[in-house]
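Below is one structure, written out as structure tokens; the observations come after it.
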Amino acid sequence: QLQLQESGPGLVKPSETLSLTCTVSGGSISSSSYYWGWIRQPPGKGLEWIGSIYYSGSTYYNPSLKSRVTISVDTSKNQFSLKLSSVTAADTAVYYCASQTVRRDGYDHWGQGTLVTVSS
Amino acid sequence: DIQLTQSPSFLSASVGDRVTITCRASQGISSYLAWYQQKPGKAPKLLIYAASTLQSGVPSRFSGSGSGTEFTLTISSLQPEDFATYYCQQDRSFGQGTKLEIK
Chain A
211 QLQLQESGPG LVKPSETLSL TCTVSGGSIS SSSYYWGWIR QPPGKGLEWI GSIYYSGSTY
271 YNPSLKSRVT ISVDTSKNQF SLKLSSVTAA DTAVYYCASQ TVRRDGYDHW GQGTLVTVSS
Chain B
204 DIQLTQSPSF LSASVGDRVT ITCRASQGIS SYLAWYQQKP GKAPKLLIYA ASTLQSGVPS
264 RFSGSGSGTE FTLTISSLQP EDFATYYCQQ DRSFGQGTKL EIK
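This is the structure:
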């Protein structure tokens, strides 16, 4: 059973880079069976897909965030990461990491989420 | 990009009721649609994928149907634990959510 856990700073200053890591247990980040994704949810609002990565390194990003987003994998630590640059208050949200089984739609395993606040 | 529109945005119902939530896609998406349940302070939980396939462990009172541009999530007999917000998702897009409240 996959388990995912987000980690990173809970407070980021405007114009700086938000950096989060998702640690995967119960399975290998190098598995060809999963896509690894990031989704966020501003307080009181709906879900927004940020992007995803496959073990091969192929990445897929939300066009509205693409210029500011980088998702990468660290196989030695069984982790994948999110970097979002030039943040503003609009980037304040709960950030979730999640996994999607290949050839199925839907994210079937999720981290608990971490609140990131953008404020000076 | 594909847009997903859910209706209604808010739904008030009673325990034992049958409820249906609709998700409409801006273009045909075959059967590539998932449904989630989210409770306050918790991560979303996958209920249904491929429009109608029940995720393992999800009660059979949940069902999904549809293809192309119109999809539905039905709860056959509401239980107290079903009051939550529901989202549809296709690939990189989520619907705006439907909040199901107790009448």
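Protein sequences appear in the order of chains A and B. Numbers 211 to 330, taken from my numbering, label the letters of the first sequence in order. Numbers 204 to 306, taken from my numbering, label the letters of the second sequence in order. A virtual CB, placed ideally from N, CA and C, is assigned to each residue, including glycine.
**Request:** Taking Gln211(A) as part of the beta strand (DSSP E), name the residues at either end of that continuous run.
**Result:** Careful: Gln211(A) lies outside any beta strand (DSSP E) and carries neither H nor E.
**Message:** I believe Tyr289(B) touches Gly316(A) by the beta-carbon criterion, under 8 Å. Please report the beta-carbon distance rounded to the nearest angstrom.
**Reply:** The pair is not a contact, with the Cβ atoms about 13 Å apart (cut-off 8 Å).
**Message:** Can you check which of these residues, Pro247(B), Arg264(B), Lys242(B) and Leu214(B), is closest to Leu281(B) by C-alpha distance?
**Reply:** Arg264(B)
**Prompt:** When the cut-off is 8 Å and only beta carbons count, does Gly300(B) lie next to chain A?
**Reply:** yes
**Asked** With a Cβ-Cβ cutoff of 8 Å, do Gly247(A) and Ser229(A) count as a contact?
**Response** no
**Prompt:** Going along the chain, which residues of the stretch 223–254 of chain B sit with their C-beta nearer than 9 Å to a C-beta in chain A?
**Reply:** Ser234, Tyr235, Leu236, Ala237, Trp238, Tyr239, Gln241, Gly244, Lys245, Ala246, Pro247, Lys248, Leu249, Leu250, Ile251, Tyr252, Ala253 and Ala254
**From Gln230(B), Ser296(B) and Phe274(B), residue whose alpha carbon lies closest to that of Ser210(B)** = Phe274(B)
**chain B contact for Arg278(A) (CB, 8 Å cutoff)** = no
**Asked** How would you write the range of the beta strand (DSSP E) that Glu284(B) sits in, first residue to last?
**Response** Where Glu284(B) is concerned, there is no enclosing beta strand (DSSP E), given that its DSSP letter is neither H nor E.
**Request:** Starting from Val328(A), follow the beta strand (DSSP E) in both directions and report where the run begins and ends.
**Result:** Thr324 to Val328
**Message:** Whole angstroms are fine: how far does the CA of Pro224(A) sit from the CA of Gly260(B)?
**Reply:** 42 Å
**Prompt:** Is the distance from the Cβ of Val222(A) to the Cβ of Val326(A) below 8 Å?
**Reply:** yes
**Prompt:** Enumerated in chain order, which unbroken segments of the beta strand (DSSP E) with a length of 3 residues or greater are wholly contained in the stretch 238–277 of chain A?
**Reply:** 244–251, 258–264 and 269–271
**Prompt:** Of all Cβ atoms in chain A, is any one closer than 8 Å to the Cβ of Asp285(B)?
**Reply:** no
**Span separating the alpha-carbon of Ser266(B) from that of Gln289(A)** = 34 Å
**Request:** Could you work out which residue in Ser241(A), Gly256(A), Arg250(A) and Gln251(A) is closest to Tyr191(A) when comparing CA atoms only?
**Result:** Only positions 211 to 330 of chain A appear in this structure, which leaves residue 191(A) out of reach.
**Prompt:** What residue does the beta strand (DSSP E) around Tyr317(A) start on, and which one ends it?
**Reply:** From DSSP, Tyr317(A) is part of no beta strand (DSSP E); its letter is neither H nor E.
**Short CB-CB distance (under 8 Å) between Ile272(A) and chain B** = Before going further, note that residue 272(A) is Asn rather than Ile in the sequence given. Yes, Asn272(A) counts as interfacial toward chain B.
**Message:** Give me the chain B residues within the contact set of Gln322(A), using Cβ-Cβ distance strictly less than 7 Å, ordered along the chain.
**Reply:** Ala246
**Asked** In the DSSP assignment, what residue or residues form a beta bridge with Tyr306(A)?
**Response** Ile249(A)
**Message:** Would you say Ser296(B) lies against chain A (beta-carbon separation less than 8 Å)?
**Reply:** yes
**Request:** Take Gly231(B) and list the residues in its own chain whose beta-carbon comes closer than 7 Å to its own, dropping the five residues that flank it on each side.
**Result:** Gly271 and Thr272
**Request:** Kindly indicate which three-state DSSP category Ala300(A) falls into: helix, strand or coil?
**Result:** helix
**Prompt:** By Cβ distance below 8 Å, which residues in the same chain neighbour Gly298(B) in space, the five residues on each side in sequence not counted?
**Reply:** Leu207, Thr208, Gln209, Cys226, Tyr290, Cys291 and Gln292
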